[in-house]
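Q: Each residue of the sequence shown is one higher than the one before, counting from 190 in the working numbering.
Below: one structure in structure tokens.
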Amino acid sequence: MKTLQTLTALAVTLALTSPGLALAQAASHDHGASSVEMTLNDGAKWQGDQNMLTGMNAIHDTMTANLDAIHAGSLPAEASATMAADVQKQVDFMVENCVLEPEVDEQFHIVLGEVMNGVSALEAGEVEHGAVSIVQALNAYGEHFEHPGWQMID
């Protein structure tokens with residue numbers, strides 16, 4: 190039941206946030222600032238759980254392993270599909286194992302919603318658009334969640 194509630198909450202979050210997420214995409218190729226609207230926890234970063242840390246580390250690793258090819262425009266279509274599947278697998282893992290407090294969960298779903306937008310773009314063959322969406326979500330995550338050793342992606 191918790192999984193169904195989490196999936197429903199994620200779907201609602203996507204529906205509410207996706208139209209308003211006007212991220213600077215391929216034209217500027219900027220991985221930095223995004224318009225992902227999140228808040229801090231009374232000025233402090235949110236505390237997640239080990240499932241979140243594990244999944245986000247895996248997504249970060251997937252993206253950084255492919256950045257050179259993405260930047261060069263030489264990522265093969267099959268590698269893009271594999272990257273999308275790897276990221277989606279981690280999103281599924283985090284959603285299925287979610288035990289976050291409601292306030293933390295709400296903020297984290299904003300990140301996951303943007304990651305899922307990126308996965309959809311990757312699956313559609315829009316490699317740069319998808320990669321930028323995911324990288325911006327990862328950077329927004331790093332700005333709002335406590336994650337020891339987290340590295341922003343330039």
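By construction, the Cβ of each residue, glycine as well, lies at the ideal position given by its N, Cα and C atoms.
On a predicted model such as this, the values are computed, not experimentally measured, just so you know.
Could you check if Gln296 is buried or exposed, using at least 16 other CB atoms within 10 Å of its CB as the buried criterion?
A: By the 10 Å Cβ count, Gln296 comes out buried.
Q: Quick one: is Ala310 buried, meaning 16 or more other Cβ sit within 10 Å of its Cβ, or exposed?
A: With 16 or more Cβ atoms within 10 Å of its Cβ, Ala310 is classed as buried.
Q: Three Cβ pairs or more, each shorter than 8 Å: is that satisfied between the stretch 286-303 and the stretch 247-257?
A: With the cut-off at 8 Å, the stretch 286-303 and the stretch 247-257 do not touch.
Q: Are the stretch 229-247 and the stretch 255-272 touching, with three or more C-beta to C-beta distances below 8 Å?
A: Counting Cβ pairs under 8 Å, fewer than three are found: no touch.
Q: Between which two residues does the alpha helix (DSSP H) holding Asp275 run?
A: Asp275 -> alpha helix (DSSP H) spans Ala266 to Glu285.
Q: Note down the Cα distance separating Asn328 from Gln340, rounded to an integer number of angstroms.
A: One C-alpha to the other measures close to 8 Å.
Q: Could you name the residues of the same chain whose beta carbon sits closer than 6 Å to that of Ala258, not counting the 5 residues immediately before and after it, in chain order?
A: So the list reads Leu264, once near-sequence residues are dropped.
Q: Per DSSP, which one or two residues make a beta bridge with Trp235?
A: In DSSP, Trp235 forms a bridge with Phe334.
Q: What is the C-beta distance between Met283 and Met241, in whole angstroms, given that I count them as a contact (C-beta under 8 Å)?
A: With 8 Å as the limit, Met283 and Met241 qualify as a contact, their Cβ atoms being about 6 Å apart.
Q: Using the Cα positions of Ala313 and Glu335, report the straight-line distance between them to the nearest angstrom.
A: The straight-line gap from Cα to Cα measures roughly 32 Å.
Q: Alpha carbons only, please: which of Ala233, Asp238, Gln277 and Val288 is nearest the one belonging to Ile323?
A: Per the Cα distances, Gln277.
Q: Three-state secondary structure (DSSP) at Val324?
A: Reduced to three states, the DSSP call for Val324 is helix.
Q: Taking only three categories from DSSP, how would you classify Ser223?
A: Unreliable placement is indicated for Ser223, whose pLDDT of 49 sits below 50; no coordinate value is reported for it.
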